[in-house]
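Visitor: Take a look at this one; I'll ask things after.
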Ligand SMILES: [Zn+2]
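Numbering (our numbering), first residue to last: 3 to 174.
The structure is reproduced here in structure tokens:
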């Protein structure tokens, strides 16, 4: 059995606390996201030093290395999305199939030390970008391919749940 593709619509996380990880994006201020992001990113290097980093707990669950590589790519992709929203009017985001990417990019064969450095760098770049969002830009809009509408504010609060949830997944 391979990993089951996750095609759930996660936008509900903007409305209530996540029952799995306990994070509540609805109670989070977008201005607090850079700090939350830096704190989250600081926990991943220790996860990536684990001896069993590439071991999947079971056939349906990513290894810590796969989760880490995914989180690194989430940081990179959301930086692109925020830049798009700030630079263009009502952009549509390119689709990103995270499960296909994990396979194509061979997440579980990547070097943990490299992933660690890349994750840290991507987190810093995204945190810097979010800290630089002008006060009058938080309501600028962007659209996902499925039609879901976001503002910079809601996308920031939606985004931060992902690395928080995955750190919970790997018990980091
Ligand atoms: Zn969660």
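Beta carbons are placed, not taken as given, at the ideal position from N, Cα and C, and that holds for glycine.
Considering residue 151, what are the terminal residues of the beta strand (DSSP E) in which it resides?
Guide: Start and end: 151-153.
Visitor: Pick helix, strand or coil for residue 3, following the three-state DSSP scheme.
Guide: The pLDDT assigned to residue 3 is 38, lower than 50, so where the model puts this residue is not dependable; a value taken from the coordinates is nonetheless given after this. Residue state, collapsed to three classes: coil.
Visitor: DSSP three-state call for residue 37: helix, strand or coil?
Guide: Looking at residue 37 - three-state DSSP - the assignment turns out to be helix.
Visitor: Please list the terminal residues of the continuous alpha helix (DSSP H) segment that includes residue 109.
Guide: Careful: residue 109 lies outside any alpha helix (DSSP H) and carries neither H nor E.
Visitor: Which stretch, first to last residue, makes up the alpha helix (DSSP H) that contains residue 83?
Guide: 66-89 is the extent of the alpha helix (DSSP H) around residue 83.
Visitor: Express the C-alpha separation of residue 26 and residue 69 in angstroms, rounding to a whole number.
Guide: Roughly 21 Å separates the two Cα atoms.
Visitor: Is there at least one non-hydrogen atom of ligand 1 closer than 7 Å to the beta-carbon of residue 167?
Guide: Yes, Cβ of residue 167 sits closer than 7 Å to a heavy atom of ligand 1.
Visitor: Here's the rule I'm using: 16 or more other beta-carbon atoms within 10 Å means buried, otherwise exposed. How should residue 161 be labelled?
Guide: Residue 161 comes out buried.
Visitor: Determine contact between the stretch 118-130 and the stretch 69-79, defined as no fewer than three beta-carbon pairs at a distance below 8 Å.
Guide: These segments touch.
Visitor: Could you tell me whether the Cβ atoms of residue 157 and residue 77 are closer together than 8 Å?
Guide: Result no, Cβ atoms of residue 157 and residue 77 do not sit closer than 8 Å.
Visitor: Secondary structure at residue 159, three-state DSSP: helix, strand or coil?
Guide: It is helical.
Visitor: Does the distance between the C-beta of residue 77 and the nearest non-hydrogen atom of ligand 1 fall short of 7 Å?
Guide: No; taking the cut-off as 7 Å, the Cβ of residue 77 has no heavy atom of ligand 1 nearer than that.
Visitor: May I ask which residues mark the beginning and end of the alpha helix (DSSP H) holding residue 49?
Guide: Here the alpha helix (DSSP H) through residue 49 covers 46-50.
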